[in-house]
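Asks:
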């Protein structure tokens, strides 16, 4: 799952060194959810749609006290909408290879520019 907002803003609570770079306590840090959610050590084949994949460590809706308050509503809406769509259009499929679907480039808000389908 992709988060439409790709940046999580946090503040370091202690000094830490990552890959030779020191982050000091109090420094602002931005995490990319696109990168975090594609960690192959956590998610084998991260770009493959897998409805049975554990989402325990997924951060599309944030994490901890910064979690999205509407995440349960969003998941329920998505489940209802996808079920209704697939029931009405059982032959629904992509009309283009996945790697040809254009995405809006950006560091904060992202998503598909178009999604060609047929049924």
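Residue numbers (our numbering): 1019 to 1137.
All C-beta atoms in this analysis are idealised placements derived from N, C-alpha and C, irrespective of residue type, glycine included.
#1: Using the C-alpha atoms, what's the distance from residue 1064 back to residue 1036?
#2: Could you give the first and the last residue of the continuous alpha helix (DSSP H) run that contains residue 1040?
#3: For residue 1055 and residue 1136, I'd like the C-alpha separation in whole angstroms.
#4: How about residue 1133 and residue 1112: are their beta carbons less than 9 Å apart?
#5: What would DSSP say about residue 1093, mapped onto helix, strand or coil?
#6: Alpha carbon to alpha carbon, how far is residue 1067 from residue 1045?
#7: Who are the Cβ neighbours of residue 1130 in its own chain at under 8 Å, not counting the five residues just before and after it?
Replies: So, from the listed chains and residues:
#1: One C-alpha to the other measures close to 23 Å.
#2: Unbroken run through residue 1040 is the beta strand (DSSP E), 1039 to 1041; no alpha helix (DSSP H).
#3: Answer to the nearest angstrom: the Cα atoms are 29 Å apart.
#4: The criterion of a C-beta distance shorter than 9 Å is satisfied by residue 1133 and residue 1112.
#5: In the structure shown, residue 1093 sits in a helix (DSSP, three-state: H, G or I).
#6: Roughly 36 Å between the two C-alpha positions.
#7: Contacts found: 1119, 1120, 1121, 1122.
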